[in-house]
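Residue numbers (the numbering used here), protein chains in the order written: chain A, 2 to 135; chain B, 156 to 378.
Think of the CB as a built atom: it goes at the ideal place given N, C-alpha and C, for glycine as much as any other residue.
Here the structure is a predicted model, which means the values were calculated and not measured.
So this is what it looks like as structure tokens:
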């Protein structure tokens, strides 16, 4: 249920960006989705296939880049990536003093399109989520 | 051809949330999004809160439900202005839904507005409404593992309540475990065990609430 309005929002963002770029067809949509957002990839793809019918994004492939949630232990300094359900103790030292950050992203990172008049982008930039979490 | 986008998917919702927030700020009303799972006791907590509000604080309530007006009717019996939003199956309120409710409410005449979100620990946390503060109501009967299982909603909370505290012994509720789960994602949020039935624990909550109404945070977490 959650994925339906979320997917509609994602499609709107992608179509607007494709229009601005003068694209005739959207081949791929690259998404960054945080591990704590509870967004289910298959469910988004399912709704997308229905919602995108009749648009220039019809049949586009969705590529999910998962933004990890990061765990930091205040006991031993151990750092790790985590997915819910969060474990109550540090996997390294067993301490309870843990902090989890990140994993909340939900954005369209880039499109792969046919046609279009945007120049100067031969390669996709490294996804900013990755850069910011390392 | 690659087209860089880097755009938040819920941006359309967020921009309406900003407009809502401007409306609230102009009216001088402090707005709370009350989130919880179904049956945690959001409505009971609100009723007990309304009974304890200072006399000079004028409250209003927006009730979000998938269907029915049971909660709104209960609030209206208290003589408090209330607007019901039925989401028609949607699992959360969003900013446009809240905007659509505002013409039916004299926000200029309010000091505090509680928006009771749809019962759900997943979706509501992703949708900004224009509110100043996020309240997450957990409850003893749900168990003490909710923060570990649904960290997203607790990460954005400004207050976390543990309702039905009068049942803590019966359910062998582990407050330390729950607290530790909350602290993983939200280091400073107040955690307030309370009982809407007995009134136990309401003093610190009402103190926090009145302080928030008197001097609302200019930032909030969810505006």
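Reduced DSSP secondary structure (H/G/I, E/B, other) of residue i
i, result
"residue 111/A", "strand"
"residue 82/A", "strand"
"residue 215/B", "strand"
"residue 102/A", "strand"
"residue 359/B", "helix"
"residue 342/B", "coil"
"residue 258/B", "helix"
"residue 31/A", "strand"
"residue 116/A", "strand"
"residue 24/A", "strand"
"residue 164/B", "coil"
"residue 337/B", "helix"
"residue 181/A", "Outside the shown range of chain A, which is 2 to 135, sits residue 181/A, and nothing can be said about it."
"residue 251/B", "helix"
"residue 349/B", "coil"
"residue 57/A", "coil"
"residue 235/B", "coil"
"residue 41/A", "coil"
"residue 89/A", "coil"
"residue 97/A", "coil"
"residue 265/B", "coil"
Contact with chain A by residue i, beta-carbon distance below 7 Å
i, result
"residue 307/B", "yes"
"residue 200/B", "no"
"residue 348/B", "no"
"residue 304/B", "yes"
"residue 163/B", "yes"
"residue 359/B", "no"
"residue 339/B", "yes"
"residue 156/B", "yes"
"residue 185/B", "no"
"residue 160/B", "yes"
Neighbour flag for residue i against chain B, beta carbons, 7 Å
i, result
"residue 3/A", "yes"
"residue 84/A", "no"
"residue 41/A", "no"
"residue 26/A", "no"
"residue 71/A", "no"
"residue 23/A", "no"
"residue 18/A", "yes"
"residue 12/A", "no"
"residue 117/A", "yes"
"residue 37/A", "yes"
"residue 114/A", "yes"
"residue 34/A", "no"
Neighbour-count burial assignment, residue i, 16 or more Cβ in a 10 Å radius
i, result
"residue 55/A", "exposed"
"residue 68/A", "buried"
"residue 15/A", "buried"
"residue 91/A", "buried"
"residue 289/B", "buried"
"residue 220/B", "buried"
"residue 209/B", "exposed"
"residue 194/B", "exposed"
"residue 176/B", "buried"
"residue 105/A", "buried"
"residue 353/B", "exposed"
"residue 110/A", "buried"
"residue 121/B", "Residue 121/B lies beyond the stretch modelled for chain B, which goes from 156 to 378, so this question has no answer here."
"residue 35/A", "buried"
Neighbour list for residue i in chain C, Cβ cutoff strictly below 7 Å
i, result
"residue 78/A", "In the structure shown, chain C does not exist; the protein chains are A and B."
The ligand SAM heavy atom lying under 6 Å from the CB of residue i
i, result
"residue 303/B", "In the structure shown, the ligand SAM is absent, as is every other ligand, since no ligand is present at all."
Quiz prompt | Segments of 3+ residues assigned as beta strand (DSSP E) that fall wholly inside the region 272-329 of chain B | solution = Whole beta strand (DSSP E) segments, 3+ residues: 288-294, 314-318.
Quiz item: Which residues, in order along the region 306-336 of chain B, keep a beta-carbon less than 8 Å from a beta-carbon of chain A?
Solution: Of all residues in the region 306-336 of chain B, those with a C-beta nearer than 8 Å to a C-beta of chain A are 306, 307, 310, 332, 335, 336, reading in chain order.
Quiz item: According to a CB-to-CB cut-off of less than 7 Å, which residues of the region 257-289 of chain B neighbour chain A?
Solution: Taking a C-beta cut-off of 7 Å against chain A, the contacting residues of the region 257-289 of chain B are 277, 278, 281, listed in chain order.
Quiz prompt | Residues of the region 163-177 of chain B with Cβ closer than 9 Å to any Cβ of chain A, in chain order | solution = Only 163, 164, 165, 166, 167, 168 from the region 163-177 of chain B bring a Cβ to less than 9 Å from some Cβ of chain A.
Quiz prompt | Residues in the region 101-112 of chain A having any Cβ partner in chain B nearer than 9 Å | solution = From the region 101-112 of chain A, only 101, 102, 104, 105, 106, 107, 108, 109, 110, 111, 112 have a Cβ closer than 9 Å to chain B.
Practice problem: Only counting runs of 3 or more residues, tell me where the beta strand (DSSP E) segments fall wholly within the region 174-232 of chain B, in order along the chain. | Solution: With a minimum length of 3 residues, the continuous beta strand (DSSP E) runs that stay inside the region 174-232 of chain B are 185-191, 214-220.
Practice problem: Could you name the residues of the region 239-250 of chain B whose beta carbon sits closer than 8 Å to any beta carbon of chain A, in the order they occur along the chain? | Solution: Close to chain A, meaning a Cβ-Cβ distance shorter than 8 Å, are the following residues of the region 239-250 of chain B: 244, 245, 246, 247, 249.
Self-check item: Residues within the region 48-65 of chain A neighbouring chain B, beta-carbon criterion of under 7 Å
Solution: Listed by position along the chain: nothing, the set is empty.
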